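Asks: Residue numbers (the numbering used here): 3 to 476. Supplied in structure tokens, the structure appears directly below.
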Amino acid sequence: MIVGDHRQIVIPDLGGFRSSSARLKGLRLIHTHLDGERLTGDDLTDLALLRLDMISAIEAGEDGLPGMMHTAHLIPENPGGEYWLLMDPVPVLETDLNFLKFIQALDEQFARRQSSRRVDSTERAILIRVETNPLFDSEASIEELRELARSSGVEVFDSVIQHRNKYDPKYLMGRGRLSDLVIRALQIGANLLIFDHELSPAQVRSITDFTELKVIDRSQLILDIFARRAHSREGKIQVELAQMQYLLPRLATKNTAMSRLTGGIGGTGPGETKLEINRRRARDRIGRLKRELRNVQKGRSQRRRLRQKRALPVISIIGYTNTGKSTLLNALTKSSVLTENLLFATLDPKSSRLRFPRDREAIITDTVGFIRNLPKELASAFRATLEELNEADLLLHVIDVSNPGFEEQILSVEKILEELDLSRKKCICVFNKVDLFPDRDILDNLCRRFDAIPISALDPGTLPPLLERLENNI
Ligand SMILES: Nc1nc2c(ncn2[C@@H]2O[C@H](COP(=O)(O)OP(=O)(O)OP(=O)(O)O)[C@@H](O)[C@H]2O)c(=O)[nH]1
Ligand SMILES: [Mg+2]
């Protein structure tokens, strides 16, 4: 029971109120407008945002008696795009609707519509990018986000790009547009919003509170992929360290949305009972992880010194993620490192021996793929691994020339090399996946322009010119 004034009612936070259905809230709102209005636009927005089973406005007559009842309810996705249906008004004392039967049928209708989509994963996302720069290629960026989502096992149901002059400080996008999104999510059965941005802890909180959906940003998505794919002890420690560092500023003392914030995708958040994590524990854990990491890395540098004693030259393969680095390592050394059409397939890089035709030898190492705007927590956690590139005698930069965004990818890689103080190191560029490149003449031109060697890591026949160049440089 809520009492308002002639202008508004304030609906309390319903966050704690859970219904058995994931779709409808199990609540009906029955109210009256003092100035004789029927259902208003605000009413219909509340219907959707609060996922009410139904909303009714009862007319109040001059004589104080109830008049007609106006009712609306949500409907599943439909070609007309409406999200609500207005029922015929009836005098309130004559309603004979069997509400329970009706709402069960409606809920089933939602369920049927949603299951006509392919849903193998429990995470069904809408991707969102808010663009303030009209020159930026937001399509490409959201495409990369889609690949990241796929790599972390999330099913993408929809994606939205909103152009704005500036970001909304609280919600990033406009409040109205965000309401539309909630409705859309409800209709198509999405339960996760992924923003192609780095959100501030406060933004995540306000968007989560407003939408009642799980909200994650690009950094968290990347962290999640890393968490899934780290297998070695070192990799696991590095990822957990990065996750904890990401989480720390987001741990508020009082926060109802906490379980959603700390859960990560499908519960791959950092270990321990998630709800109990508090700042002090998080700090302790970070300290412990850092110490462990130092120990593990000591062992690694000892192994490295041994290798140096053997005095074999070291070639390090680097490049943007999913460009074919591991495939090339396999092809060059006839080994079988895991390769996959996923971003960040390799997190625990392997080294292998490379034997040149004239019996020279080198060590060739694979590396974690690069990506633009790597979350800073990951960058610092993986710094030690990446700094090993300092000891390479030669860098082999693998570029996926079949990707329309390959030039931006080159720039991102060069920027990261600079940050690691590696830009002066000798570097050979290869254009990989030439089998997917449509035009030979354009390719030849590009190779000249970038001084790159065209190869296809899947076709050993294309590798001899590269081998020759490597051997000469060594
Ligand atoms: N068509 C084509 N596909 C290739 C070629 N080289 C690699 N691929 C495919 O590209 C995908 C990524 O290859 P990986 O070797 O895993 O790429 P990576 O650079 O190691 O990726 P991360 O470790 O995720 O950064 C795989 O599906 C490969 O089969 C190529 O020359 N041509
Ligand atoms: Mg790889």
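Think of the CB as a built atom: it goes at the ideal place given N, C-alpha and C, for glycine as much as any other residue. Because the structure is a prediction, the values reported are computed rather than measured.
Just reading off the beta strand (DSSP E) that residue 164 is part of, what are its end residues?
Replies: First-last of the beta strand (DSSP E) with residue 164: 157-165.
Asks: Report the rounded CA-to-CA distance for residue 170 versus residue 164, giving the unit in angstroms.
Replies: Cα-Cα distance, rounded: 12 Å.
Asks: Look at the Cβ atom of residue 213, then the Cβ atom of residue 174, and state whether they are nearer than 9 Å.
Replies: No. Outside cutoff.
Asks: Hey, how far is the Cα of residue 38 from the Cα of residue 63?
Replies: Approximately 8 Å between the Cα atoms of the pair.
Asks: Do you know offhand how far residue 456's Cα is from residue 434's?
Replies: Each residue's Cα considered, the two are about 6 Å apart.
Asks: In or out: residue 365 buried (at least 16 other Cβ within 10 Å) or exposed?
Replies: Buried is the call here.
Asks: What's the C-alpha gap between residue 48 and residue 54?
Replies: Roughly 8 Å separates the two Cα atoms.
Asks: Nearer than 8 Å: is that true of the beta carbon of residue 182 relative to any heavy atom of ligand 2?
Replies: False, no ligand heavy atom lies under 8 Å from that Cβ.
Asks: Can you name the start and end residues of the alpha helix (DSSP H) that residue 47 belongs to?
Replies: That run of the alpha helix (DSSP H) goes 43-51.
Asks: Can you round the beta-carbon distance between residue 415 and residue 321 to whole angstroms, since I take them to be within the 8 Å contact cut?
Replies: Residue 415 to residue 321, Cβ: 6 Å. Contact.
Asks: With a CB to CB cut of under 6 Å and the five nearest residues on each side skipped, what residues in its chain are close to residue 217?
Replies: Excluding positions up to five away in sequence, the list reads 195, 206, 209 and 210.
Asks: In angstroms, rounded to a whole number, what distance separates the CA positions of residue 259 and residue 357?
Replies: Per-residue confidence for residue 259 stands at a pLDDT of 39, beneath the threshold of 50, marking its modelled position as unreliable; no derived number is given.
Asks: Is residue 483 a contact residue of ligand 2, with contact defined as CB to any heavy atom under 8 Å?
Replies: Residue coverage of the chain in this structure runs from 3 to 476, which leaves residue 483 outside it and unanswerable.
Asks: With H, G and I counted as helix, E and B as strand and the rest as coil, what does DSSP make of residue 318?
Replies: Strand at residue 318.
Asks: Under the three-state reduction of DSSP, which class applies to residue 25: helix, strand or coil?
Replies: The answer is coil: DSSP assigns residue 25 none of H, G, I, E or B.
Asks: Ligand 1 and residue 436: does the residue's C-beta get closer than 8 Å to at least one heavy atom of that ligand?
Replies: Residue 436 Cβ: within cutoff of ligand 1.
Asks: Measure the Cβ-Cβ separation of residue 128 and residue 161 and say whether it is below 9 Å.
Replies: Going by C-beta atoms, residue 128 is nearer than 9 Å to residue 161.
Asks: On the DSSP bridge list, what partners appear for residue 454?
Replies: DSSP output for residue 454 lists 431 as bridge partner(s).
Asks: Is DSSP giving residue 83 helix, strand or coil here?
Replies: It is coil, neither helix nor strand.
Asks: Considering only C-alpha positions, which residue in the set 167, 420, 345 and 407 is nearest to residue 391?
Replies: Considering only alpha carbons, the answer is 420.
Asks: I'd like the span of the alpha helix (DSSP H) that includes residue 182, first residue to last.
Replies: 177-190 is the extent of the alpha helix (DSSP H) around residue 182.
Asks: Does the count of Cβ pairs from the segment 343-360 and the segment 422-438 closer than 8 Å reach three?
Replies: Contact between the segment 343-360 and the segment 422-438 is absent, because fewer than three Cβ pairs lie under 8 Å.
Asks: Between which two residues does the beta strand (DSSP E) harbouring residue 197 extend?
Replies: Run containing residue 197: 194-197, per the beta strand (DSSP E) assignment.
Asks: Under the rule that 16 or more other beta-carbon atoms within 10 Å means buried, what is residue 185, buried or exposed?
Replies: With 16 or more other Cβ atoms within 10 Å, it is buried.
Asks: When the Cα atoms are used, what is the spatial distance from residue 316 to residue 342?
Replies: Residue 316 and residue 342: Cα-Cα distance of roughly 25 Å.
Asks: Can you give the Cα-Cα distance for residue 422 and residue 386, rounded to whole angstroms?
Replies: Taking the straight line joining both Cα atoms gives about 10 Å.
Asks: With a CB to CB cut of under 7 Å and the five nearest residues on each side skipped, what residues in its chain are close to residue 78?
Replies: Contacts found: 111, 112, 115 and 189.
Asks: Taking buried to mean at least 16 other C-beta atoms within 10 Å of its own C-beta, is residue 198 buried or exposed?
Replies: Label assigned to residue 198: buried.
Asks: Less than 9 Å between the C-beta atoms of residue 377 and residue 244, yes or no?
Replies: In this structure, residue 244 lies closer than 9 Å to residue 377 by Cβ.
Asks: For residue 335, I'd like the list of residues in its chain whose CB is within less than 7 Å of its CB, leaving aside the five on either flank, ordered along the chain.
Replies: Within the same chain, residue 335 has close Cβ partners 354, 355, 356 and 366.
Asks: What residue from 439, 230 and 242 has the CA that sits closest to residue 289's CA?
Replies: For residue 289, the nearest C-alpha among the options comes from 242.
Asks: Can you give me the Cβ contacts of residue 246 inside the same chain, cut-off strictly under 8 Å, excluding the 5 residues immediately before and after it?
Replies: Within the same chain, residue 246 has close Cβ partners 272, 284, 287, 288 and 291.
Asks: Closer than 7 Å by C-beta to residue 200: which residues in its own chain qualify, once you throw out the five before and the five after it? Chain order, please.
Replies: These residues qualify, in order along the chain: 219, 220 and 221.
Asks: Rank 60, 133 and 383 by C-alpha distance to the C-alpha of residue 90 and give the top, closest one.
Replies: Of the candidates 60, 133 and 383, the one whose C-alpha sits nearest the C-alpha of residue 90 is 60.
Asks: Closest to residue 477 by C-alpha separation, out of 74, 34 and 28, would be which residue?
Replies: Because the chain is modelled from 3 through 476, residue 477 falls outside the range shown and cannot be assessed.
Asks: Does DSSP put residue 69 in a helix, in a strand, or in coil?
Replies: Strand at residue 69.
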